[in-house]
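With my numbering, letter number 307 in the sequence shown gets 462, and the count goes up by one each step, no holes. Even for Gly, the Cβ is constructed at its ideal location relative to N, Cα and C. This one's a predicted model, so the numbers in the text were calculated from it and none came from an experiment. First comes the structure, then the notes that go with it.
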Amino acid sequence: MSDTGLKPDSAPAAGRPSRRALHWPWEASLAVVLVASLALGRVLSPDFLGAANLSNMLADFTEIALMALPMTLIIVAAEIDLSVASVLGASSALMGVLWHMGLPMPVVIAIVLVAGTLAGLLNGLVIVRLNLPSLAVTIGSLAFFRGLAYVLLGDQAIADFPPEYTSFGINTVGNSFLPQPFVIVIVGAIVFCVLLQATAFGRSLYAIGANPTAAQFSGIDVARTKLKLFVISGAMSALAGIIYTLRFTSARGDNGEGFELSVIAAVLFGGVSIFGGRGSMIGVLLSLVIIGVLRNALTLTDVSSEVLTIITGALLLSSVLIPNLFARWRAMRERRVLAARAAARV
């Protein structure tokens with residue numbers, strides 16, 4: 156089967172979500188980082204913990220969270236999808252074009268969801284049928300779907316969406332600070348967490364990520380499983396595109412541009428191994444909140460978007476380097492223990 160083209164120094168030891176695979180120590184570290192981030196936000200701005208700002212913060216990473224949920228499954232299975240933000244942009248552009256044509260909004264939303272699902276299906280078919288690396292394929296589809304978005308709308312923006320739909324993108328639940336779109340994130344997080352950590356399908360993803368050949372021999376249909384992952388990713392990216400369009404009341408070809416970096420950073424910083432077979436949804440959810448808190452806190456202090464991009468890149472690098480360095484240190488320590496025991500026997 157295809158892979159990302161990356162190989163680890165050492166393969167994961169298990170193909171199931173055991174305690175080691177769930178990365179409890181990493182999650183505990185993330186919990187500490189989250190508390191520190193909240194404290195930092197409170198120090199940087201007295202308005203940080205205000206209801207209005209908390210609502211804006213949650214709304215700001217709604218789309219990233221929606222795309223990170225299926226991305227977690229994909230990376231656990233040792234694949235990657237770099238086209239998610241481009242599918243979001245193409246979905247937004249398609250939504251604007253269809254609405255401008257006079258179609259009813261429920262029909263527009265249904266068509267956009269189907270189109271996003273087909274985009275994911277296209278990615279999956281090329282990867283599993285032609286046995287090509289997902290990294291290379293989705294780099295190509297990243298450019299293809301973003302180009303399609305610009306073909307549909309060019310540099311125009313369509314903003315005359317009905318208020319009863321755009322209000323969903325900006326209103327909160329009752330008198331709380333919880334944005335209405337974020338309810339979808341909460342439901343999705345529960346569904347994906349159960350799917351990954353408590354079902355046979357989730358266990359099969361860990362097995363595929365650890366050793367796809369062994370997973371195939373154990374009776375798992377690796378190709379079909381991976382195909383499902385990319386289909387889910389396409390559908391969730393289209394959903395993110397719909398919410399993004401309604402939240403900003405604007406359909407544009409460049410909507411969501413660059414989001415793929417934040418999505419992947421959130422997944423990897425959450426403890427999911429880039430080589431597959433390890434990680435948990437809980438870690439990713441903690442990571443999403445940390446990134447959202449840091450971005451919001453720094454935005455309140457007028458930090459530029461370029462600096463925020465640098466911070467996201469730093470988180471991405473640290474999420475790859477730190478676990479790798481720790482694994483090497485642990486392997487070195489185990490070798491020293493074994494050498495000491497051998498010397499003692501002599």
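| So the alpha helix (DSSP H) Pro318 belongs to, where does it begin and stop? | Pro318 to Ile325
| task | At 4 residues or longer, and completely inside the stretch 470 to 494: list those alpha helix (DSSP H) runs for me, N to C. | result | none
| message | Less than 7 Å between C-beta atoms, sequence neighbours within five positions excluded: which residues of the same chain meet that for Met391? | response | Leu221, Met222, Leu224 and Pro225
| DSSP puts Arg407 in a beta bridge; with which residues? | Ala312
| field | Length of the line joining the Cα atoms of Pro317 and Met250 | value | 13 Å
| query | At a cut of 8 Å, does the stretch 236 to 250 reach the stretch 266 to 285 through at least three beta carbon pairs? | reply | yes
| field | Cβ pair Ile266, Ser417 closer than 7 Å | value | no
| Nearest-angstrom Cα separation, counted from Gly295 out to Ala304 | 14 Å
| said: Just to confirm, is the Cβ distance from Ala393 to Thr400 under 7 Å? | reply: no
| task | Express the C-alpha separation of Leu453 and Ala369 in angstroms, rounding to a whole number. | result | 46 Å
| field | Identity of the residue in Val342, Asn410 and Met436 nearest Leu308 by Cα | value | Asn410
| Sequence-distant residues of the same chain with beta carbon closer than 7 Å to Ala421, five excluded per side | Ile219, Ala223, Val439, Ser442, Leu443 and Ile446
| query | Straight-line CA distance for Leu213 to Leu277? | reply | 31 Å
| task | Confirm, please, whether the CB-CB distance from Gly364 to Ala499 is below 7 Å. | result | no
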